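>
Number of protein chains: 2
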Amino acid sequence: MMNIAPARDTTSHLSAQELGNIDLYWRAANYLTVGQIYLLDNPLLRKPLKIEHVKPRLLGHWGTSPGLSFTYAHLNRVIRTMDANMIYVCGPGHGGPAMVANTYLEGSYSARYPGILRNEDGMRKLFRQFSFPGGIPSHAAPDVPGSIHEGGELGYSLSHAFGAAFDNPDLIVACVVGDGEAETGPLATAWHSNKFLNPQRDGAVLPILHLNGYKIANPTILARIPKEELRSLFVGYGYEPIFVEGDIPVLMHQLMASAMDEAMQKIRAIQENARHDYDAYAARPTWPMIILRSPKGWTGPKEVDGLKTEGFWRSHQLPLSGLADNPKHLKLLEDWLHSYRPEELFDAKGAPVAAITATTPQGARRMGCNPHANGGLLRTMLKMPDLASHSVEVLEPGTVKAESTKVMGAFLRDVMTANVDTRNFRIVGPDETASNRLQNVFEVTDRTWMASILPEDTNLGHNGRVMEILSEHTCQGWLEGYLLTGRHGFFSCYEAFVHIVDSMFNQHAKWLDTSRDIPWRQPIASLNYLLTSHVWHQDHNGFSHQDPGFIDVALNKKADIVRVYLPPDANTLLCTTEHVLQTWDRINIIVAGKPPLWQWLTLEQAKIHCREGLGVWHWASTENGGEPDVVMACAGDVPTLETLAAVSILKEHMPELNVRVVNVVDLMSLQPKERHPHGLSDAAFDAVFTDSKPVIFAYHGYPWTIHRLTYRRTNHDNFHVRGYNEEGTTTTAFDMTVLNELDRYHLVLSVIDKVPAARASGAKLAEMMKAKLLEHHDYIRAHGEDMPEILNWKWHSNASGEVG
Amino acid sequence: MMNIAPARDTTSHLSAQELGNIDLYWRAANYLTVGQIYLLDNPLLRKPLKIEHVKPRLLGHWGTSPGLSFTYAHLNRVIRTMDANMIYVCGPGHGGPAMVANTYLEGSYSARYPGILRNEDGMRKLFRQFSFPGGIPSHAAPDVPGSIHEGGELGYSLSHAFGAAFDNPDLIVACVVGDGEAETGPLATAWHSNKFLNPQRDGAVLPILHLNGYKIANPTILARIPKEELRSLFVGYGYEPIFVEGDIPVLMHQLMASAMDEAMQKIRAIQENARHDYDAYAARPTWPMIILRSPKGWTGPKEVDGLKTEGFWRSHQLPLSGLADNPKHLKLLEDWLHSYRPEELFDAKGAPVAAITATTPQGARRMGCNPHANGGLLRTMLKMPDLASHSVEVLEPGTVKAESTKVMGAFLRDVMTANVDTRNFRIVGPDETASNRLQNVFEVTDRTWMASILPEDTNLGHNGRVMEILSEHTCQGWLEGYLLTGRHGFFSCYEAFVHIVDSMFNQHAKWLDTSRDIPWRQPIASLNYLLTSHVWHQDHNGFSHQDPGFIDVALNKKADIVRVYLPPDANTLLCTTEHVLQTWDRINIIVAGKPPLWQWLTLEQAKIHCREGLGVWHWASTENGGEPDVVMACAGDVPTLETLAAVSILKEHMPELNVRVVNVVDLMSLQPKERHPHGLSDAAFDAVFTDSKPVIFAYHGYPWTIHRLTYRRTNHDNFHVRGYNEEGTTTTAFDMTVLNELDRYHLVLSVIDKVPAARASGAKLAEMMKAKLLEHHDYIRAHGEDMPEILNWKWHSNASGEVG
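Protein chains in written order, with the working numbering: chain L, 51 to 854; chain E, 51 to 854.
#1: In its own chain, which residues sit with a C-beta less than 6 Å from the C-beta of residue 191(E), not counting the 5 before and 5 after it?
#2: Between residue 838(E) and chain L, is there a C-beta pair that is closer than 8 Å?
#3: At a cut of 8 Å, does the stretch 667-679 of chain E reach the stretch 481-493 of chain E through at least three beta carbon pairs?
#4: Please list, in chain order, all residues of the same chain as residue 122(E) whose beta carbon is under 6 Å from its beta carbon, the five residues on each side excluded.
#5: Go through its chain and collect everything with a Cβ distance to residue 173(L)'s Cβ below 6 Å, but skip five positions before and after it.
#6: Between which two residues does the alpha helix (DSSP H) carrying residue 695(E) extend?
#7: Over the uninterrupted alpha helix (DSSP H) stretch that includes residue 801(E), give me the two end residues.
#8: Which term fits residue 149(L), buried or exposed, when burial requires 16 or more other beta carbons within 10 angstroms of its beta carbon?
#9: Could you tell me the boundaries of the alpha helix (DSSP H) in which residue 532(E) lies?
#10: For chain L, check one thing: does any of its Cβ atoms lie closer than 8 Å to the Cβ of residue 284(E)?
#11: Report the neighbours of residue 560(E) on chain L: residues whose CB is nearer than 9 Å to its CB, in chain order.
#12: Where residue 182(E) and residue 195(E) are concerned, what is the direct C-alpha to C-alpha distance, given to the nearest angstrom?
#13: Determine the closest residue to residue 109(E) out of 721(E), 370(E), 359(E), with distance taken between C-alpha atoms.
#14: Does the contact criterion of 3 or more C-beta pairs under 8 Å hold for the stretch 793-805 of chain E versus the stretch 734-742 of chain E?
#15: In chain E, which residues lie less than 7 Å from residue 754(L) when you measure between Cβ atoms?
#16: Interface residues of chain L around residue 556(E) at Cβ under 7 Å?
#17: Among residues of its own chain, excluding the 5 on either side of residue 240(E), which ones have a beta-carbon nearer than 6 Å to its beta-carbon?
#18: Check whether the Cβ atoms of residue 427(L) and residue 343(L) lie closer than 8 Å to each other.
#19: Where DSSP assigns a beta bridge to residue 235(L), which residues make up the other side?
#20: What span of residues does the beta strand (DSSP E) with residue 710(L) cover, start to end?
#21: Should residue 279(E) be flagged as near chain L, meaning a C-beta pair shorter than 8 Å?
#22: Is residue 854(L) helix, strand or coil when you go by DSSP?
#23: Is it the case that the stretch 454-462 of chain L contacts the stretch 639-646 of chain L, given that we only count it when at least three CB pairs across the two stretches are under 8 Å?
#24: Note down, one range per segment and in chain order, each alpha helix (DSSP H) of at least 4 residues found wholly within the stretch 337-393 of chain E.
#25: Which same chain residues, not among the five before or five after residue 766(L), have their C-beta less than 6 Å away from its C-beta?
#26: List the residues of chain L whose Cβ lies closer than 9 Å to the Cβ of residue 602(E), in chain order.
#27: Short of 9 Å Cβ to Cβ, which residues in the stretch 704-726 of chain E face chain L?
#28: Does residue 566(L) get closer than 8 Å to chain E when you measure Cβ to Cβ?
#29: Am I right that residue 644(L) and residue 587(L) are in contact with their C-beta atoms under 8 Å? What's the rounded C-beta distance?
#30: Checking 8 Å against the spacing of the C-beta atoms, do residue 696(L) and residue 772(L) come in under that value?
#31: Residues of the stretch 103-131 of chain E with a CB closer than 7 Å to any CB of chain B: list them in chain order, please.
#32: Counting beta carbon pairs with one atom in the stretch 644-655 of chain L and one in the stretch 716-727 of chain L, are three or more of them shorter than 8 Å?
#33: Quick check for students: name the residue ranges of the alpha helix (DSSP H) that lie wholly in the stretch 701-786 of chain L, counting only runs of 4 or more.
#34: On the DSSP bridge list, what partners appear for residue 452(L)?
#35: By alpha-carbon positions, which one of 76(E), 437(E), 106(E) ends up nearest to residue 652(E)?
#36: Measure the Cβ-Cβ separation of residue 580(L) and residue 540(L) and say whether it is below 8 Å.
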């Protein structure tokens, strides 16, 4: 497989001097990589290598690094020769030491970390900190200049790269995809992102598939299929692959330089064409890509203990280990380091020689200093439309119905319009923008689509700003890439299926958490989710589409990163939407349903309610002064509806009962103040929830979530939470609440059971509620829809009003 | 795009009679599908259609159904003509009504549901139950005979199909992949499963990519790229695509019949070759696949309200709606139903006519009755090797170290050997079997690999039973398919990255939950996870690889489906492994680390401990009779180590303190008995955890998980839980515990803080602990590894032993 003769006549693309310099650079990068993995001291190897110069715990991944540095060197060349504006997305996350080495060589590392200069002392610190307690991790984590992609978890490099390229017409995103990562599902579908990239308006992505052949202990699929099959695969994905294959450095430099120039010329030609010739632009171009086949652990030890190492999986992590007990390996390490001839690479002080620095770009053209890779630098606040013009007029609570997400859709349409000039706002979602009732956005923009368009198609266009692909992974990856490069966006998703991106959420939350502590990283716009078509509204889909557990995944992350909002109606949803679009470095989760539901708050009331996070709804309560007999708490649109319906039954049948209605819109407000910045103080919490009265809490999700948030509160022992208990099927929203005992009748039964003042007089009402439940059960199975009194239920602020 | 003339000479493949019958069958299936979506009554349309015959809530998905039934009809033909053993995996989950219609026509539906016979009354019930409260959902859910794949969440059909085919040499799994689903990541990489299918030993998968062109409101990518690009993509994936394109039924029947015969002949030829000719078998074959391009909503209304409907996304769900207010639509529905000429399809009693039943296979050859699709029927218990021979000898607690997962690996090797003849056990994992220290399995089997093999490769082979692909989705999908067809398996995964399959876990848990209530579904083997390389052992990888939250996702599912085990040492891990491999209809999660750690229990002690789920470790406690001063509880290997280290410090410095050590191996035992079958009664719980003493609980995962499980227990207010708080980086396991305040020093400080008897005399010890923490902080940053007293720490059962 190796030692393949170059197929093209590309042996003299670089002059001898260019070739020499680029190889010097590459040797230096490799030397610095090995140094980071192994050395504590003696960084320039000016003394014989001793065991005390070697780290006691050896950690790190060599295998992928030389290929990454080889690519970096050649990207540097085209940046210089073409004055390209380029960033580098490093899919093989374990190539962290290589990315550090390259940014150190070009000077961006020292620019970010003035304590680590390009001299012997700086090099010692550079080596020491790697995978060292208190130091830096082994991935292209947020601390690495120029990184927007950590890559610890594999699969998202390419969708991140495309996200970065959208609306950045001058940017070229080089994206190295490892052949291990290429086996993941998210990466396998991300190749189709080329059907969404508009060469007129967007930048370019240059994918570099790096076939180094092995994962930890295994060959990779793409490295072990015939070359023609491989080519066919990428032609099928819509690319033109340029192959660079071999293992002899001088030949490979010529091949890579030629391939890079070819790819860059093709990209420029596509863009020129698209930007000056409408017909060309109307067709989706075939973008170039590079397939780089080079040995794993290239330039490392060829054999260790008689076993093949270079070009094999044994190079994945540490080709040499156990050095303290193995002087032979220590010697091999010394030989390996000397093979790069450090004395030719660094001057007396330990700085890279001029021939090396001559090969790197300058200033912000250095990939470690490109502002797109520190997107907060470029972020501008979104212009926000007037909220009032979108509000639902609510003269009395419960007198008008609205589809919350549709109201939000009109607001998002106007956000789109207000920011059309800056081209920094997009909506992503898996084919559900209209299904989720955000269709008003299509009045001002289309769905992005670069594949073929038929006359009957609606809302499809090359310039669309709504991105729909039936891959939650790709939606999330695009949006992350877009945000990380300084723009804004919104992800609308079916609630149950956002679990598909649990792990991507985790990684992004960790990225934000780490970034906040890195002084030079500027804040980026928050990642905003609308979770709709939620657990209570699955008439069509049933059990498999019912899962409100994403909130629980989110709550496991650092408190200050995450916000969870459960707006009970359209005006609170509007206020929440306006708010989250103006926040940064957070992940905001909004859960709201789409069918027409009763509206409760005016816009002004909604603003106050959202600001406070939770509050007593006095207009719904029947407090006759003093402490209430019971607190009816609710969070979520359907639980709010059922709570108010239960309260109206209580008003009718137990007018003497003092009921306090509390609605929670910001779930984080339930947490202790010390746990979360939105958390209420204990005193404020107790003032709302009392210190001893029963609290019947109707919650949107799994009930224990509320217990988890409140277990340290004074009155927690009296919290009785109803929520989703994994009882579900294809049925009405109301029947779903009955199955999970969150409906009005069960809530009234809970009050009778838990509230002493109600228990005494509640026997008759309890019988009535049980009868209602039976009646409902029979009715819905006979008629296929809810009883008229459910369908026609209305809130009556007057306690004497008719109640079903 | 439509009305494409057939490219091949395939106009007379079927005789006129065959053609007529197959079309009759297809019309009947379509009629029954429309009937399910729309009709409450008048099932045979023998009276004029009135609004009272129509369901009040219209739900369901028409668009994909005619293509699914078309495929079903043609699969039936090849089953009959070739006596094929075949099951049908229906990727487009919303095709539920089509799958019900087809199994009804072939008689398997009535065989499973004797109340729904093939007559007018049965048809009425069949129609009524669909998407009706108390009825059946709209997907190919567990209630559908012949289904092993619900498909509500898209992406997993193909990996399920391959999982079903492994080790089933006679089985052919037809798998319809929708072009919406094809956009998902998991599906996009599942095509590569052909590099793992051995034609000698395994069955075949016949993928049928169904391009009907549209998702909910959008075209699909694969339907909108040039045909040559599409062909190239699948050639690149390693298939030979056979195209069936058009919209004229008589032409399409001929085309499809010819394509099916061609595909089946190719499959048979590949298998013949592989099974009789070693050289052919050594090469990976190019399997056939069918690409079916047919209109969305084929045979439905062509236009509705002047808008294109057949062959467009408007057919996705309901082409007609609002019938009560729209007599025109009611008339359109009646015309549509009549277009299938029901009077030709069903006899006077409403049974399908003989010409239709003649086209279906008989008995267990019917896809709705194939036992492989009700895998529990075929499941045999695994033969288990002798546990004792694998146990670690523990003469005294804490006197010997072992790598838990390595011990488990040797046991799994022997499970492999014991069941080699029945070929019903496989291990899956994303390239981590060896990295997770299960390498002993390679003494008896290889990694499955059908791509090219080089001389230097190790443990790779065509007959391997370890399945490694760097796609957690594919691992999970393969294993689910394998289990659902009656076999056994094991998934070893990095703990953090199992979140990648959160949503697949959810769907499988829901499938099991539903299946348990379906009398004819036989129990299948449990899905067993080993989560290792866990949060506390990420020296190499750091923060991005630290997430113990999968347990929280799992706990949201129905209690009886899920088990979570945290074995503290190798012998408890062995007992747990033996147990879970003999369970059914569950998901078992085992969390265990791989580095060498101290061992605590003998095999006999481990057996008792695992049976009880949790228990007092008397040998570690210092109870001098009566109630303890403090309960030191622990769950997980690293928390157990730190707890015992803290106890040894307390023994040394506070010998008078009564400390009770409790270890929890089965997390579910903490739950109330009413919540979980493994839950302890309150009395038993209080006997262990006391009703009033401080409990310092060191837990493997997020601390609130313990609160969530115990908030109703008597002594909950005194539970102080330490766990992972999202503080992490690349450092030692011990430093990780320090960062999260779960280490021995913080635990001792907690005791001093929370235990009155310790607080009084604890000032000096507290100072010592704080000094140790500072010393640790400085030492690890200076030396890069832990202090000798940490590295060399040993448990001393004698309280006077030396303690660091």
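All C-beta atoms, glycine included, are put in the ideal place defined by N, C-alpha and C.
Values in this document were obtained by computation on a predicted structure and should not be read as measured data.
On the basis of the supplied data:
#1: Start at 1 with the first residue of the second sequence, and residue 191(E) comes out as number 141. Result list for residue 191(E): 200, in chain order.
#2: Start at 1 with the first residue of the second sequence, and residue 838(E) comes out as number 788. No, no contact with chain L.
#3: no
#4: Taking the first residue of the second sequence as 1, we reach residue 122(E) at position 72. Hits under 6 Å: 152.
#5: On the first sequence, position 123 is the one that residue 173(L) refers to. These residues qualify, in order along the chain: 93, 400.
#6: Counting from 1 along the second sequence, the entry for residue 695(E) is found at position 645. Residues 687-703.
#7: As a position in the second sequence, residue 801(E) is number 751, starting the count at 1. From DSSP, the alpha helix (DSSP H) with residue 801(E) extends over 794-804.
#8: Numbered from 1 along the first sequence, position 99 holds the residue referred to as residue 149(L). So residue 149(L) ends up on the buried side.
#9: Start at 1 with the first residue of the second sequence, and residue 532(E) comes out as number 482. Here the alpha helix (DSSP H) through residue 532(E) covers 522-534.
#10: Taking the second sequence and counting its residues from 1, one reaches residue 284(E) at position 234. Taking Cβ atoms only, chain L reaches closer than 8 Å to residue 284(E), which makes this a yes.
#11: If you number the second sequence from 1, residue 560(E) lands on position 510. Within chain L, the residues near residue 560(E) are 593, 594, 596, 597, 776, 778.
#12: Position 132 of the second sequence, counted from the first residue, corresponds to residue 182(E). Position 145 of the second sequence, counted from the first residue, corresponds to residue 195(E). So the alpha carbons of these two residues sit roughly 19 Å apart.
#13: Numbered from its first residue, the second sequence carries residue 109(E) at position 59. When each option's Cα is compared against that of residue 109(E), the closest is 370(E).
#14: no
#15: Walking along the first sequence from the start, residue 754(L) turns up at place 704. Those within 7 Å of residue 754(L) in chain E are 758.
#16: As a first step, residue 556(E) must be located in the second sequence, where it is residue number 506. Here the neighbours are 549, 597.
#17: Indexing the second sequence from 1 puts residue 240(E) at position 190. 208, 209, 524.
#18: Within the first sequence, residue 427(L) is the residue found at index 377, counting from 1. Within the first sequence, residue 343(L) is the residue found at index 293, counting from 1. Going by C-beta atoms, residue 427(L) is not nearer than 8 Å to residue 343(L).
#19: Counted from its first residue, the first sequence places residue 235(L) at position 185. DSSP output for residue 235(L) lists no bridge partner at all.
#20: Within the first sequence, the letter at position 660 stands for residue 710(L). That run of the beta strand (DSSP E) goes 709-714.
#21: As a first step, residue 279(E) is located in the second sequence; it is residue number 229 there, counting from the start. It does: the Cβ of residue 279(E) has a partner Cβ on chain L nearer than 8 Å.
#22: Counted from its first residue, the first sequence places residue 854(L) at position 804. In this predicted model, residue 854(L) has a pLDDT of only 30, less than 50, meaning its place in the structure is not dependable; the value taken from the coordinates is given anyway. In this structure, residue 854(L) counts as coil in the three-state DSSP scheme.
#23: yes
#24: 377-389
#25: One-based indexing of the first sequence puts residue 766(L) at position 716. Correct list, in chain order: 760.
#26: Taking the first residue of the second sequence as position 1, residue 602(E) is located at position 552. Simply 599, 602, 603, 605, 606.
#27: none
#28: Here residue 566(L) refers to the residue found at position 516 when the first sequence is read from its first residue. Not closer than 8 Å to any Cβ of chain E, the Cβ of residue 566(L) fails to qualify, so no.
#29: Position 594 of the first sequence, counting from 1, holds the residue named residue 644(L). Position 537 of the first sequence, counting from 1, holds the residue named residue 587(L). 7 Å between Cβ atoms; contact.
#30: The sequence position of residue 696(L) within the first sequence is 646, counting from 1. The sequence position of residue 772(L) within the first sequence is 722, counting from 1. Going by C-beta atoms, residue 696(L) is not nearer than 8 Å to residue 772(L).
#31: Looking for chain B here will not work: the only protein chains present are L and E.
#32: no
#33: 732-739, 754-760
#34: In the first sequence, residue 452(L) corresponds to position 402, counting from 1. 647(L).
#35: In the second sequence, the residue the question calls residue 652(E) occupies position 602. Considering only alpha carbons, the answer is 437(E).
#36: Here residue 580(L) is taken as the residue at index 530 of the first sequence, counted from 1. Here residue 540(L) is taken as the residue at index 490 of the first sequence, counted from 1. Cβ atoms of residue 580(L) and residue 540(L): closer than 8 Å.
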